[in-house]
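All remarks here apply to the structure that follows.
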Amino acid sequence: MGLFKDIDDADSKYYFNLKTNEVERGLVSDADHRMGPYETEEVARAALERAQARNEEWEEDEKKWNG
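Note that my numbering has the sequence shown beginning at 1, numbered continuously upward.
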């Protein structure tokens, strides 16, 4: 195992492909089109929704911060 565990076992992780909206196991697609790595297929499947929810929270926080 090297310094970056996620890189060392990337083929056993799950990724969400932003181009196809599908979950992939391992480094199948280009880095520009994937989110991850995730430990489970279920977490990878929910990645986009989770990112959208976080973005909405950050936008609300920014509005509060800026008055």
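Ideal placement from N, C-alpha and C gives every residue a C-beta, glycine not left out.
Would residue i be called buried (16 or more neighbouring beta carbons within 10 Å of its own) or exposed?
i: R54; result: exposed
i: R50; result: exposed
i: A31; result: exposed
i: G67; result: exposed
i: G36; result: buried
DSSP state of residue i, grouped into three classes?
i: E24; result: strand
i: D11; result: helix
i: A51; result: helix
i: A44; result: helix
For residue i, write down the residues that DSSP places opposite it in a beta bridge.
i: R34; result: N17
If residue i and residue j are in contact, beta carbons under 8 Å, what's the gap, nearest whole angstrom?
i: E41; j: Y14; result: 5 Å
i: V28; j: A44; result: Not really, about 12 Å apart at Cβ, beyond 8 Å.
i: A46; j: G26; result: Not confirmed; about 19 Å, so no contact.
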